[in-house]
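Take a look at the structure below.
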Amino acid sequence: MNMKAVIFVVVVVAIAAAIYFIPNGDELQNQQTAPIRSGSVSPANDGHAHSALPEIDSLKVSIQDSTGTELAVMTLIPHSFQPLPGTEYSLHLTDFYTHLIMEEGDPVNASPHPENPAARIEIHKDDVVVDYGWAFQNMPYFRMSGMGGAYDHEETGLTFALLETYGLEIPEAATHNP
């Protein structure tokens, strides 16, 4: 085979693999709307123990738009939908982590100690998830622009800062590592 034929075959195989392995829009939507339930135990990776997700009564967040203008300071209650004043959106606090780390692209609670408190907040419009964001206490109004996916907040432009947590309860199982 000549070099052009080899390159052609490699390109065709790469395109076929990309089409096969890239999830379609329905799969991405399902991934974004299937939160880890509070109180569940995060999967263990790399041989170190992970902590169960803590329970909270509520948390206070500040919300900014894409220009950096503060839209509201709100108290969010887990698993409830709350309208964002002055917008067509509602917010849904799905998960809270005392020590959020990412392992293989998945959020994991590394310990029950509040070293990197974070909350996952879905943004809904007409009862449909259109975006989501993370509210960090240590990194207010965090953006990962240029990284792709929902982190760019292309639909809404909203970012969050975690200001305060109320009623934090650490699961008993999380306080004793074997």
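If you count by the working numbering, then the sequence shown holds residues 50 to 227, one letter each, in order.
Cβ coordinates follow ideal geometry from the N, Cα and C atoms, glycine included.
If you're wondering where the values come from, they're calculated on a predicted model, not measured in any experiment.
Residue from the options whose Cα sits closest to the Cα of residue i
| i | options | result |
| --- | --- | --- |
| D106 | S115, L125, A121 and L120 | L125 |
| N187 | E119, Y146 and L142 | Y146 |
| F130 | T118, T143, M151 and L120 | T143 |
| G182 | K174, A167 and D175 | A167 |
| P127 | E204, L102, P161 and T205 | L102 |
| P163 | I150, V122, P134 and I56 | I150 |
| H173 | A159, E204 and Y190 | E204 |
| M123 | A159, P134, T116 and I56 | P134 |
Spatial distance of residue i from residue j (CA atoms)
| i | j | result |
| --- | --- | --- |
| N165 | M52 | 52 Å |
| L207 | P220 | 31 Å |
| G195 | E171 | Here the model assigns G195 a pLDDT of 43, short of 50, so the residue's position is not dependable, and the following value carries that caveat. Distance between the alpha carbons of G195 and E171: 20 Å. |
| V177 | P132 | 13 Å |
| L217 | V179 | 28 Å |
| E119 | E104 | 27 Å |
| Y215 | H148 | 16 Å |
| D175 | R169 | 19 Å |
| A121 | F191 | 16 Å |
Residue range of the unbroken beta strand (DSSP E) whose run includes residue i
| i | result |
| --- | --- |
| N51 | Careful: N51 lies outside any beta strand (DSSP E) and carries neither H nor E. |
| G182 | V177 to F185 |
| H128 | Element bounds for H128: n/a, residue is neither H nor E. |
| F209 | T208 to Y215 |
| E152 | L149 to E152 |
| F191 | Note, F191: premise wrong, no beta strand (DSSP E); not H, not E. |
| E171 | A167 to K174 |
Residue i (DSSP reduced to helix, strand or coil)
| i | result |
| --- | --- |
| A159 | coil |
| E218 | strand |
| Y146 | strand |
| T124 | strand |
| E104 | strand |
| S139 | strand |
| E297 | No answer is possible for residue 297: it lies beyond the span of the chain, which begins at 50 and ends at 227. |
| D95 | Confidence in D95 is poor, its pLDDT being 42 and thus under 50, which makes the residue's placement too unreliable to answer from. |
beta-carbon residue i near the ligand FMN non-hydrogen atom, thresh 7 Å
| i | result |
| --- | --- |
| N187 | What this structure holds is no ligand at all, so the ligand FMN is not there to describe. |
May I ask you to verify whether the region 207 to 214 touches the region 111 to 126, counting CB pairs closer than 8 Å and requiring at least 3? yes
State whether the region 152 to 166 contacts the region 136 to 143, with contact taken as three or more CB pairs (one from each stretch) at a distance under 8 Å. no
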